[in-house]
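Q: Reminder that position 49 of the sequence shown reads as 36 in my numbering, one-by-one numbering, no gaps.
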Amino acid sequence: MAAAAQNLNASPATFAGNEKLPGLADRLDSIPWLPCTLTVEVPVVHFTIADLLGMKEGTIVETGCHHTSDLPLRVNQLLIGWTEFEVVGDRLAVRITEQI
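What follows is the structure, given as structure tokens:
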């Protein structure tokens, strides 16, 4: 396991033609079981402690974004792209619109 951790921290070497050797995605392929947290951030502006204390079932919280705005997508707090909400059947989903 220590060897795998060291391998993940190694920087990818480059060839003379600026072609990279196997990169991060290739190294991560060796540990697909490793859990991570995927989050979509929805900004809420002008939210106060009073608003928090007044929340109950059925409360609607207005967001700071337009319904067509892209929202940040993070893995373990690291920004990896942008998403938009979409309804799929009876479920709310996110569509990746840009990967970083």
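Ideal placement from N, C-alpha and C gives every residue a C-beta, glycine not left out.
Note that the structure is predicted; figures quoted are calculated from it, not measured.
1. Under 8 Å between the Cβ atoms of T70 and L79?
2. Is the distance from the Cβ of L66 to the Cβ of V29 below 8 Å?
3. Thinking just about the alpha-carbon of each residue, which of V81, H53 and G10 is nearest to the one in V32?
4. My parser needs the alpha helix (DSSP H) runs of 4 or more residues fully inside the segment 13 to 70; what are they?
5. Alpha carbon to alpha carbon, what distance is there between N63 and T87?
6. By Cβ distance below 6 Å, which residues in the same chain neighbour L25 in space, the five residues on each side in sequence not counted?
A: To lay it out plainly:
1. no
2. no
3. H53
4. 36 to 40
5. Rather than Thr, the amino acid found at residue 87 in this sequence is Ile. Going from the Cα of I87 to the Cα of N63 covers about 15 Å.
6. V62
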